[in-house]
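Residue numbers (the numbering used here), protein chains in the order written: chain A, -5 to 425; chain B, -5 to 425. Ideal placement from N, C-alpha and C gives every residue a C-beta, glycine not left out. To keep things clear, I will list the structure first and then write my remarks on it.
Protein chains: 2
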Amino acid sequence: MKNNIQLEEAQSLLLNRIIPVGKCLVSLLESSGRVLSQDIKASTNIPPFSKSALDGYALIASDTRQADSSAPVQLRVIEETRAGFIAQEKVVSGTTIKVMTGSPIPNGANTLIKHEEVVRNGDYVSIFRTIKAQDNVIKAGEDIEQGKVVAQKGSLITPPLVALLAGLGISQVPVYAKAKIAFMSTGDELLDPSETLQPGKIYNSSLYGLMARCCEMGGHPLDLGIVPDEIAATTARISRGLEEADIVVSTGGVSVGDYDVMKDAMVGAGAEIIFWKVAMKPGSPIIAAVKDKKLIIGLSGNPAAAMVTFDMILTPLIKRLMGKNNPLPDKIQGVFADNFLKASPQRRFLRAKLERKDGVDCLKLTGAQASGILMSMIGCNVLVDIPAGSGPVIFGQRVSGHIVGNISDGYHQEPVEVYEEEPKREELSFS
Amino acid sequence: MKNNIQLEEAQSLLLNRIIPVGKCLVSLLESSGRVLSQDIKASTNIPPFSKSALDGYALIASDTRQADSSAPVQLRVIEETRAGFIAQEKVVSGTTIKVMTGSPIPNGANTLIKHEEVVRNGDYVSIFRTIKAQDNVIKAGEDIEQGKVVAQKGSLITPPLVALLAGLGISQVPVYAKAKIAFMSTGDELLDPSETLQPGKIYNSSLYGLMARCCEMGGHPLDLGIVPDEIAATTARISRGLEEADIVVSTGGVSVGDYDVMKDAMVGAGAEIIFWKVAMKPGSPIIAAVKDKKLIIGLSGNPAAAMVTFDMILTPLIKRLMGKNNPLPDKIQGVFADNFLKASPQRRFLRAKLERKDGVDCLKLTGAQASGILMSMIGCNVLVDIPAGSGPVIFGQRVSGHIVGNISDGYHQEPVEVYEEEPKREELSFS
């Protein structure tokens, strides 16, 4: 068992033990937000055939060589097709076929003219200018060429990729299965939020916050609830988690103390301890163990500490379980737009929010930073990474951080409210 | 009916007609990612009582006034409590109560000392230094004071907010209902991706891409499928959408052309046309109508154009339907890191990706920009906004844009791969 290791070593020790979960096929709509379990190669061109970019006439460019505004060329309309239907006739010199946007280019034709540009008279159209070959032709494979790898194994499936897969005729998408993560909290002081508050007790906030994070990244949380501070009960709950889930996560019972039972319970469940404590604040008391290649991770009972370590350690593990190529939080550098006057003998993660000012990434604290303070996790999208041995961090200092939430709203540079007034109450009747 | 209006006017005309959908209560875990339908006020302090930050001894600070390393003060341990249980005794001068992390501070005590700092001998502990009042005491309300508004109506519920709500004992969360959005595509050339490709036909990509976007923002898509290019069928499908959904979205049938039926079908369904065409490229052919206060929006049949207008116009409407305060895409300014040599007589949106280089927001094109090209929507997280009447846009030019995807990965400044090798195949046996 290692003790008080660096965060990066902890991440590496655990990520190296992760074997992605199984693969499955899901429908197109279900695939959005999941991770591709194999490369997707285009089996056809997109578009599959050369087609018209507009409503107009397909013709042979050389027929219009002599055309000008005073001496139009006349072509005979031999057929009218529309999108989805193929012309039966072949365009030969002196003839044209009317086509719609998206119609395949008729045989023999090599260019197109917009219907607003011609004058139609019975079966004839007059053309008043020279047309180049391939004008307004969307070539087969212009969007995607057959054989091209359009998306790689391990990439996140976004809505545009869903559209692209649909365009390739893929209706069942190969993805990694959802990772099942079991969650439990130890602590005699904890109540479920659905219970009535009692003296000396507090509501268990961590469990729901962490399960929501798990859902957010597409994982499947299993709620094992609250366990009393007692070794046998905790051991039994861990064993149940190991049976049902890919990773077992607990909160509480990991610091030094008479009732801290997690380590003994893990060993009792037959697991081998990998490390205890990571050199970071908040979240230092974290314990990691493994049984039958499944990880059991015990996080701090302090809600903010649990969430910070979840974001820095568990999130990458869960993403990796589900096949994600780059599971670690993205990094950011910026200017500290606050004053944090405590020294940091230990490496410290400060909860902050990115705000863009004049093109500069400013990182501003979201509130008080004690391990128990959850309020400052609200709105936090960056964890500023203060190295061990640092003094106070002051306004204007360059800092690094890890992105743990949506940073887009830091980019607001002006209010975007566009409505003049709220809809009236009497308008609510229809809903 | 207005014609060829500015994007901002289109957004405003439509947003002003949106009346948020109804409200409902959902469980904590289901609330993540949804929008609060009322302010949340803390009904209790968090923590609800002053408690110990550590495992140690609760005492009266003034009892330690004379203590030093050579002359320790001795206190009698009158009780041992643990987290979740309240001390029965009262600390009086000369006594102490043992407490655990999270234990309520016993009556009479006003400070705490860590258990590692004392020497215990039977019923007595020796203390070797003076302790200040309130040391290691987490005060009631330190995280959240009773009565404080912790989250406002209209804000997105993130996992940390889920944790906070749990901590307040809220197990049912007031949110806006899911908006129901009906989707249909018109076009005789379209096939569902589950069908076999036929000559002259293409797979319908837009429908699935747009439905996935709808899911991504928490909406509920209704799939009305593909409709033939024919007024009566389209009218009937629109009417069905209006019965079942809050907004009806279609693709195709909106440009000038013999088989373009959307406008007639909307009127046939009893709707009033609000506008036709928005001055933007791609996506100019868009038609908006209203019936019984429900919107019907027809988008371009070109997949990329449909997605761009969906992101700029439909996404804000759907977010607003579900109560979101600031539904428009966030804005960004940056340096164009590409060359786009065409002039832009019309306002143009270029598909780009944010990449951070030396602290500068660089916006790089994601590929070819024609209306039919879907490939360049993959990886696009910013739509660069080129004003009407612009010439070529060149490398290094300042540009503005709208954020339409996750911009975090533009912040990668180094590879983050941490594993030395892939897990071995023989390790896969357990899963």
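### Query
In whole angstroms, what is the alpha-carbon distance linking Lys475 (chain B) and Leu218 (chain A)?
In the structure as shown, chain B starts at -5 and stops at 425, and residue 475 (chain B) therefore has no counterpart that could be examined.
### Query
With respect to the alpha helix (DSSP H) encompassing Lys108 (chain A), which residues constitute its N-terminal and C-terminal limits?
Per DSSP, Lys108 (chain A) belongs to no alpha helix (DSSP H); it is in the beta strand (DSSP E), 105 to 108.
### Query
Does DSSP classify Leu368 (chain A) as helix, strand or coil?
Three-state result, Leu368 (chain A): coil.
### Message
With a threshold of 8 Å between beta-carbons, can Asn39 (chain B) be considered close to chain A, or not?
### Response
No, Asn39 (chain B) lies away from the interface with chain A (no Cβ there is under 8 Å from its Cβ).
### Whole-angstrom distance between Asn400 (chain A) and Glu210 (chain A), CA atom to CA atom
Computed Cα separation, rounded: 12 Å.
### Message
To be precise: take each residue of the segment 178 to 190 of chain A, compare its Cβ to all Cβ atoms of chain B, and keep it if any distance is under 9 Å. Which residues remain?
### Response
The residues in question are Gly181, Asp182, Glu183, Leu184, Leu185, Asp186, Pro187, Ser188, Glu189, Thr190.
### Chain-ordered neighbours of Tyr202 (chain B) on chain A, where CB pairs are closer than 7 Å
At a C-beta separation below 7 Å, Tyr202 (chain B) has these neighbours in chain A: Leu22, Leu23, Val156, Ala157, Ala160.
### Message
Taking beta-carbon pairs under 7 Å, can you tell me which members of the segment 203 to 221 of chain A lie near chain B?
### Response
Cβ contacts with chain B: Gly203, Met205, Ala206, Arg207, Cys209, Glu210.
### Task
Whole angstroms is fine: what's the gap from Pro187 (chain B)'s alpha carbon to Val156 (chain A)'s?
Computed Cα separation, rounded: 11 Å.
### Query
Arg76 (chain B) CB to nearest chain A CB: under 8 Å?
With 8 Å as the cut-off, Arg76 (chain B) counts as an interface residue toward chain A.
### Message
I'd like to know whether the C-beta atoms of Val444 (chain A) and Leu1 (chain A) end up nearer to each other than 8 Å.
### Response
The structure shown has nothing for residue 444 (chain A), since chain A only spans -5 to 425.
### Per-residue DSSP class, three states only, for Phe269 (chain A)
DSSP places Phe269 (chain A) within a strand segment (E or B) once states are collapsed to three.
### Query
With Ser200 (chain A) and Thr245 (chain A) assumed to form a contact (beta carbons below 8 Å), what rounded beta-carbon distance in angstroms separates them?
That pair is a contact at about 4 Å.
### Query
So what does DSSP say about Ala55 (chain B), is it helix, strand or coil?
In this structure, Ala55 (chain B) counts as helix in the three-state DSSP scheme.
### Task
Using a Cβ cut-off of 9 Å, pull out every chain A residue sitting near Asn198 (chain B), in sequence order please.
Ala160, Gly161, listed in chain order.
#### Entry: Arg28 (chain A) to Gly212 (chain A) span [Cα, whole Å]
Cα-Cα distance, rounded: 7 Å.
### Message
Quick test of your reading: Leu158 (chain A) and Phe177 (chain A), contact by CB under 8 Å. State the CB separation rounded to the nearest angstrom.
### Response
The Cβ separation is near 35 Å, so there is no contact.
### Task
Counting only the same chain and skipping the five closest in sequence on each side, list residues whose C-beta sits under 7 Å from that of Gly373 (chain A).
So the qualifying residues of the chain are Lys347, Thr360.
### Message
Beta-carbon within less than 6 Å of Thr58 (chain B)'s beta-carbon, same chain only, minus the 5 sequence neighbours each way: which residues are those?
### Response
Scanning its chain for C-beta atoms nearer than 6 Å, with the 5 sequence neighbours on each side dropped, one finds around Thr58 (chain B) the residues Val67, Ile121, Thr124, Ile125, in chain order.
### Counted within 10 angstroms of its Cβ, other Cβ atoms place Gly264 (chain B) as buried (16 or more) or exposed
Exposed is the call here.
### Task
Could you pull out every unbroken alpha helix (DSSP H) segment of at least 4 residues lying fully inside the segment 295 to 335 of chain B, listed in chain order?
Fully enclosed alpha helix (DSSP H) runs of 4 or longer: 297 to 303, 309 to 315.
### Query
Taking the beta strand (DSSP E) that Cys448 (chain A) falls in, what are its first and last residues?
The shown model of chain A, from -5 to 425, leaves out residue 448 (chain A), and the question about it has no answer.
### Message
Relative to the C-alpha of Ile312 (chain A), which candidate in A:Leu9, A:Pro276, A:Asn115, A:Thr95 has its C-alpha closest?
### Response
The shortest Cα separation from Ile312 (chain A) among A:Leu9, A:Pro276, A:Asn115, A:Thr95 belongs to A:Leu9.
### Query
Is Val248 (chain B) near Leu293 (chain B), with beta carbons less than 8 Å apart?
By the CB criterion at 8 Å, Val248 (chain B) and Leu293 (chain B) fall inside the cutoff.
### Query
Between Leu106 (chain B) and Met369 (chain A), what straight-line distance do the alpha-carbon atoms span, to the nearest angstrom?
Straight-line Cα distance between these residues: approximately 25 Å.
### Cutoff 7 Å; reference Pro215 (chain B); Cβ partners in own chain excluding five residues on either side
Cβ-Cβ distances below 7 Å link Pro215 (chain B) to Ile175, Phe177, Met205, Cys208, Cys209 in the same chain, with the five nearest sequence neighbours on each side left out; the list follows chain order.
### Task
Report the option in B:Ser394, B:Leu335, B:Gly366, B:Asp355 whose CA atom is closest to the CA atom of Gly385 (chain B).
The option with the nearest alpha carbon to Gly385 (chain B) is B:Leu335.
### Query
Hey, does Lys426 (chain A) have any beta-carbon neighbour from chain B nearer than 8 Å?
With chain A covering only -5 through 425, there is no way to say anything about residue 426 (chain A).
### Query
Could one say the Cβ of Gly390 (chain B) lies closer than 8 Å to chain A's Cβ atoms, at least one of them?
Taking Cβ atoms only, chain A never reaches closer than 8 Å to Gly390 (chain B), which makes this a no.
### Message
Please state whether the Cβ-Cβ distance between Asp305 (chain B) and Gln327 (chain B) is less than 8 Å.
### Response
When the beta-carbon positions are compared, Asp305 (chain B) and Gln327 (chain B) stay at least 8 Å from each other.
### Query
Does Glu421 (chain A) get closer than 8 Å to chain B when you measure Cβ to Cβ?
Below a pLDDT of 50, predicted positions are generally treated as unreliable, and Glu421 (chain A), at 37, falls in that range; no measurement from the model is reported.
### Task
Would you mind stating whether Met274 (chain A) and Gln340 (chain A) have Cβ atoms separated by less than 8 Å?
A Cβ-Cβ contact shorter than 8 Å links Met274 (chain A) with Gln340 (chain A).
#### Entry: DSSP-derived helix/strand/coil call for Gln5 (chain A)
Judged by DSSP in its simplified three-state form, Gln5 (chain A) adopts helix.
### Message
In whole angstroms, give me the CA-to-CA distance for Cys18 (chain A) and Pro14 (chain B).
### Response
Roughly 37 Å between the two C-alpha positions.
### Query
CA-CA distance, Asp62 (chain A) and Ala4 (chain B)?
So the two alpha carbons sit approximately 40 Å from each other.
### Query
Tyr202 (chain A): which of B:Pro168, B:Leu162, B:Glu237, B:Glu189 sits nearest, CA to CA?
Put simply, of B:Pro168, B:Leu162, B:Glu237, B:Glu189 the residue whose alpha carbon is nearest the alpha carbon of Tyr202 (chain A) is B:Leu162.
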